[in-house]
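Below is one structure; the comments refer to it alone.
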Amino acid sequence: MAAFDPTAHPGAVRQRTRTTLTWLNGTTPVGLALAVLARTTRRRTPDGLVVAGGYRLPVPRQACFTVGAVVLTRRPPEWLLHPDRADLLGHERRHTGQYALLGPLFWPAYWLACAWSYALTGGYGPGNVFERRAGLAAGGYPEPTLRPWAAALRPAAPGQGTAGRGPGGEAALRGRAASSSRRRRDGTRAAR
Ligand SMILES: [Zn+2]
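Shown next as structure tokens:
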């Protein structure tokens, strides 16, 4: 392993600690096994993330997703490591922090959060606490708009619309139209 200079990368010490925790709690070994099974091309970031590109298995359908400290993408790793995708990589990096805290419990907790979000908003991401904490815009998710029954239970904030929007997210599900009113820096458009 190469020498690690913490001054070269602000926040890298904390991220390195998170990465170590994901090794210890078993989620990064699972991510790496998946990356190998899917015959991805792998690159390591200075703070210990592994970006695994060329993922081709049918599920999940997102352009990007994270397992432990492994970020898997259907694109080449260089695509995600490009400075233009810094926001999206930062979003995935925050998921690594969630894996560091929860370990394998992340998976059932995440799916419960998806179900909750779907019930409230019609999309699995916008009302999902894990996606919200990782940054909705950076992950390519729209701000949540409540379903009519949920909106009826809780008065909407001034200016908040109630029209439904697609789930989108994680640099776009294939073929899903994004809101044209939003400009994204995370490569959402390029991902289609
Ligand atoms: Zn996410």
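If you're matching positions, the sequence shown starts at 1039 in our numbering and goes up one per residue.
For glycine and all other residues, C-beta sits at the position ideal for the given N, C-alpha and C.
Cβ of residue i versus every heavy atom of ligand 1: is any distance shorter than 6 Å?
i	result
residue 1172	yes
residue 1092	no
residue 1236	The structure shown has nothing for residue 1236, since the chain only spans 1039 to 1230.
residue 1181	no
residue 1177	yes
residue 1208	yes
residue 1116	no
Taking the alpha carbon of residue i as the reference point, which residue from the options has its own alpha carbon closest?
i	options	result
residue 1114	1073, 1179 and 1106	1073
residue 1143	1050, 1055 and 1060	1060
residue 1063	1122, 1086, 1188 and 1141	1141
Taking the continuous beta strand (DSSP E) assigned at residue i, which residues delimit it?
i	result
residue 1111	1108 to 1111
residue 1190	First-last for residue 1190: 1186 to 1191, but that is the alpha helix (DSSP H), not the beta strand (DSSP E).
Since residue i contacts residue j with CB under 8 Å, what's their CB separation in whole angstroms?
i	j	result
residue 1118	residue 1097	Going by Cβ atoms, the distance from residue 1118 to residue 1097 rounds to 19 Å, so no, they are not a contact pair.
residue 1210	residue 1101	6 Å
Residue i lies in the alpha helix (DSSP H); which residues open and close that run?
i	result
residue 1074	1065 to 1075
residue 1170	1167 to 1172
residue 1147	1144 to 1159
residue 1131	1124 to 1140
residue 1078	Segment: none, residue 1078 is in no alpha helix (DSSP H) and carries neither H nor E.
residue 1051	1050 to 1062
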